[in-house]
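Heads up: the structure comes next, in structure tokens.
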Amino acid sequence: MKLTKLLFVIFLLSHFYSCNNKPLPYTMKVANSLVNTHPDSTLALLKQFKDSINLEPKETQIYYQLLTIKAKDKAYITHTSDSVLLKVLHYYENKKDKRHLPEVYYYAGRVYRDLGDAPQALDFFLQAIDASYLYMDYKLVNRIYSQIGTLYLYQNVYDKAPEAFSKAYQFSILSKDSISMIYNLRDIGRAFSTQEKVDSAIYYYKKADMLADKIENLNLKRIINGELSGYYTKLGMYQEAYKSMQIAFKKINVINLAPRYSTAAQYYYYTNQLDSAIHYYTQLSFMDKYSYKAEGYQGLSYIARSKGEYKKALEYLDKDLAYTDSARSIIQTEIVRKINSLYNYQLKEKENKRLQHQASNHKIWNIILISFLFFLMLLFVTYQQYRKRKEQETLLQQEKIERILREEYNQSLSYIEQNKRQIKELEESLKAAEKTSNLLTLDLLRLQKRNIEKNNEQIIVKQELKEHAITILKKSSIYKKFIQADQGGKIRKEDWEELIKSIDETYPQFTQRLFELYPMKTIEMQVCLLIKIRLSPTQIAFITAHTKQAITSIRKRLCKKVFKREGSSEEWDRFIHAM
Numbered sequence: 039m040k041l042t043k044l045l046f047v048i049f050l051l052s053h054f055y056s057c058n059n060k061p062l063p064y065t066m067k068v069a070n071s072l073v074n075t076h077p078d079s080t081l082a083l084l085k086q087f088k089d090s091i092n093l094e095p096k097e098t099q100i101y102y103q104l105l106t107i108k109a110k111d112k113a114y115i116t117h118t119s120d121s122v123l124l125k126v127l128h129y130y131e132n133k134k135d136k137r138h139l140p141e142v143y144y145y146a147g148r149v150y151r152d153l154g155d156a157p158q159a160l161d162f163f164l165q166a167i168d169a170s171y172l173y174m175d176y177k178l179v180n181r182i183y184s185q186i187g188t189l190y191l192y193q194n195v196y197d198k199a200p201e202a203f204s205k206a207y208q209f210s211i212l213s214k215d216s217i218s219m220i221y222n223l224r225d226i227g228r229a230f231s232t233q234e235k236v237d238s239a240i241y242y243y244k245k246a247d248m249l250a251d252k253i254e255n256l257n258l259k260r261i262i263n264g265e266l267s268g269y270y271t272k273l274g275m276y277q278e279a280y281k282s283m284q285i286a287f288k289k290i291n292v293i294n295l296a297p298r299y300s301t302a303a304q305y306y307y308y309t310n311q312l313d314s315a316i317h318y319y320t321q322l323s324f325m326d327k328y329s330y331k332a333e334g335y336q337g338l339s340y341i342a343r344s345k346g347e348y349k350k351a352l353e354y355l356d357k358d359l360a361y362t363d364s365a366r367s368i369i370q371t372e373i374v375r376k377i378n379s380l381y382n383y384q385l386k387e388k389e390n391k392r393l394q395h396q397a398s399n400h401k402i403w404n405i406i407l408i409s410f411l412f413f414l415m416l417l418f419v420t421y422q423q424y425r426k427r428k429e430q431e432t433l434l435q436q437e438k439i440e441r442i443l444r445e446e447y448n449q450s451l452s453y454i455e456q457n458k459r460q461i462k463e464l465e466e467s468l469k470a471a472e473k474t475s476n477l478l479t480l481d482l483l484r485l486q487k488r489n490i491e492k493n494n495e496q497i498i499v500k501q502e503l504k505e506h507a508i509t510i511l512k513k514s515s516i517y518k519k520f521i522q523a524d525q526g527g528k529i530r531k532e533d534w535e536e537l538i539k540s541i542d543e544t545y546p547q548f549t550q551r552l553f554e555l556y557p558m559k560t561i562e563m564q565v566c567l568l569i570k571i572r573l574s575p576t577q578i579a580f581i582t583a584h585t586k587q588a589i590t591s592i593r594k595r596l597c598k599k600v601f602k603r604e605g606s607s608e609e610w611d612r613f614i615h616a617m
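Under this note's numbering, the first residue of the sequence shown carries the number 39, and numbering increases by one thereafter.
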């Protein structure tokens with residue numbers, strides 16, 4: 039009903055302006071006047087002109103597209119493509135009138151933030167700041183700096199976030215926007231909390247709370263105190279946390295239940311009010327987000343263990359681990375520390391543009407000199423990128439190798455012996471704890487001992503299965519055929535395929551893991567297979583119809599290709615045996 043009335047008013051305004059022979063541009067202005075407060079209605083209005091917009095001048099079409107991007111952003115509709123944005127961007131960058139450019143750059147940043155391209159988003163936000171100096175809009179600049187600060191926080195560049203949020207706060211003061219001032223103060227406090235600057239963080243949180251109180255905005259007061267109570271709990275300031283929590287819980291917003299439950303659960307747990315803690319941890323376990331589910335089950339596990347309910351504790355612990363793993367697989371950990379390099383890149387780009395503009399008024403030798411310097415810089419950047427890529431490839435390869443060796447070690451007899459030593463240490467700790475009658479420590483030590491013993495049992499079972507599989511392999515006809523190949527047996531292509539299948543059944547994914555480390559040629563893979571069944575270099579040379587020296591060279595070459603360094607043939611053999 040409200041939407042119908044709103045559209046009727048818009049129709050009347052449009053009809054009025056049509057009398058002046060300027061219908062659509064003024065309609066766009068009407069849409070623009072509604073977009074900040076009624077984005078959904080604006081989208082409905084714009085949708086009505088979708089079919090006829092192509093008949094309008096290009097300027098009107100582009101303005102229509104800009105308003106559509108703006109309305110979707112205001113309506114919290116996630117941007118999924120930059121195709122429309124690029125058209126708008128290209129048009130306004132080449133237009134003489136630059137009034138819309140700051141806003142276009144701002145929404146370009148918003149689009150690329152939604153697309154997950156943080157450096158590109160930051161680049162456009164900084165361009166929006168530069169473009170704003172000619173056409174200053176305090177509210178827009180406030181939003182731009184706020185987005186920059188948020189990007190810094192999300193990218194873990196905590197040292198730059200307070201400055202960005204402080205600038206946002208300055209512009210919210212200039213625009214006399216109390217709501218933005220409260221959010222900016224909250225953001226400054228949050229930024230200082232990430233740097234563990236406790237006094238500064240609490241100061242700005244309280245300042246935000248006082249301003250919310252001053253303008254009598256209960257909703258903002260609850261938001262600020264909800265976050266502040268969580269921070270107090272983290273610091274162990276439980277009395278202050280309780281006061282803030284009471285304000286935050288006056289009227290709970292269903293959308294923000296999980297953070298409130300998390301804060302309450304931690305508060306009641308650390309203040310030893312376990313019944314209340316159980317209630318809120320249970321509520322957390324019902325949340326849709328895996329990280330909150332994991333937190334809920336972890337808390338329930340701790341409480342169950344403290345009560346001696348070990349079966350429940352293990353059940354909760356299993357669920358905690360499962361949801362923690364799920365959360366990690368979903369979250370794309372984009373740890374970006376490229377902000378400084380990006381900023382330097384922007385400075386270089388500005389300098390290049392200045393030099394290019396200046397070069398048109400200089401003599402030919404100046405142009406040649408600038409081109410030469412640019413070429414040197416390009417060579418340097420290319421070399422740096424090549425070197426960095428090689429270092430990353432080497433590091434990734436080392437991680438793969440270490441993972442393979444670690445996985446094998448974790449299933450080895452040596453790991454069992456290490457666990458036995460750990461069990462022995464725990465038994466000694468248990469004896470000491472029994473003397474002090476510390477029940478909580480006893481329970482924890484027993485649980486740790488039981489987990490290690492269970493782990494050893496699982497490894498032993500896997501070792502037995504592995505030994506059984508090796509025995510089956512050694513009794514197989516294909517194994518005997520290769521072992522006795524020097525007695526006159528002919529090795530065919532089908533025999534190699536059968537050997538690969540048998541080895542992969544005995545040592546799961548053996549060939550696949552080798553290919554992941556290095557795309558081996560046929561002869562290289564054959565050498566590795568024969569090393570795995572422990573044939574001597576002489577036997578390998580005979581079967582593959584190569585000299586013994588050639589086999590040694592292949593093993594050394596594989597060592598260098600996989601380990602990214604020089605190595606011996608014996609080192610490669612040890613690695614293959616360990617897989």
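Every residue gets a Cβ at the ideal spot worked out from N, C-alpha and C, and that includes glycine.
Closest by C-alpha distance to residue i, when choosing among the options
i           : options            : result
residue 206 : 227, 177, 189      : 177
residue 227 : 464, 203, 249      : 203
residue 247 : 232, 235, 281      : 281
residue 577 : 522, 120, 404, 313 : 522
residue 348 : 478, 552, 556      : 478
residue 328 : 480, 110, 296      : 296
residue 123 : 139, 360, 467      : 139
residue 235 : 200, 255, 252      : 200
residue 537 : 153, 516, 548      : 516
residue 141 : 264, 134, 179      : 179
residue 81  : 103, 92, 90, 513   : 103
residue 285 : 310, 75, 255       : 255
Secondary structure of residue i, DSSP reduced to three states
i           : result
residue 254 : coil
residue 606 : coil
residue 113 : coil
residue 579 : helix
residue 263 : helix
residue 155 : coil
residue 56  : With a pLDDT of 41 at residue 56, under the threshold of 50, the predicted position of this residue should be treated as unreliable, though the coordinate-derived value follows. Helix.
residue 287 : coil
residue 571 : coil
residue 27  : Residue numbering for the chain in the displayed model covers 39 to 617; residue 27 lies beyond these limits and cannot be assessed.
residue 529 : coil
residue 128 : helix
residue 236 : helix
residue 558 : coil
residue 546 : coil
residue 278 : helix
residue 196 : coil
First and last residue of the uninterrupted alpha helix (DSSP H) at residue i
i           : result
residue 171 : Premise fails: residue 171 is in no alpha helix (DSSP H) and is neither H nor E.
residue 142 : 139-152
residue 317 : 312-323
residue 480 : 477-513
residue 219 : 216-232
residue 340 : 328-344
residue 596 : 586-601
Backbone CA spacing between residue i and residue j [nearest angstrom]
i           : j           : result
residue 169 : residue 163 : 10 Å
residue 129 : residue 70  : 19 Å
residue 342 : residue 336 : 10 Å
residue 609 : residue 580 : 22 Å
residue 600 : residue 552 : 9 Å
residue 376 : residue 423 : Because the pLDDT at residue 376 is just 45, under 50, the model does not fix this residue reliably, and the point stays unresolved.
residue 175 : residue 113 : 21 Å
residue 333 : residue 344 : 17 Å
residue 301 : residue 183 : 29 Å
residue 270 : residue 243 : 11 Å
residue 459 : residue 484 : 15 Å
residue 223 : residue 339 : 37 Å
residue 111 : residue 154 : 15 Å
residue 605 : residue 416 : 35 Å
residue 403 : residue 421 : 27 Å
residue 414 : residue 408 : 10 Å
residue 535 : residue 587 : 26 Å
residue 78  : residue 96  : 25 Å
For this session: Determine, using beta-carbon pairs with one atom in the stretch 210-219 and one in the stretch 186-197, whether at least three such pairs fall under 8 Å.
Result: Not touching, per the Cβ criterion.
For this session: Could you say if the stretch 496-511 and the stretch 470-479 meet the contact criterion of at least three C-beta pairs nearer than 8 Å?
Result: Taking a cut-off of 8 Å on C-beta distances, the stretch 496-511 does not touch the stretch 470-479, as fewer than three cross pairs fall below it.
Exercise. For the stretch 559-567 against the stretch 579-598, are there 3 or more C-beta pairs whose distance is under 8 Å?
Worked result: Contact between the stretch 559-567 and the stretch 579-598 is present, because at least three Cβ pairs lie under 8 Å.
For this session: Specify whether the stretch 493-503 and the stretch 522-541 touch according to this definition: at least 3 beta carbon pairs, one from each stretch, less than 8 Å apart.
Result: Result no; under three Cβ-Cβ pairs closer than 8 Å.
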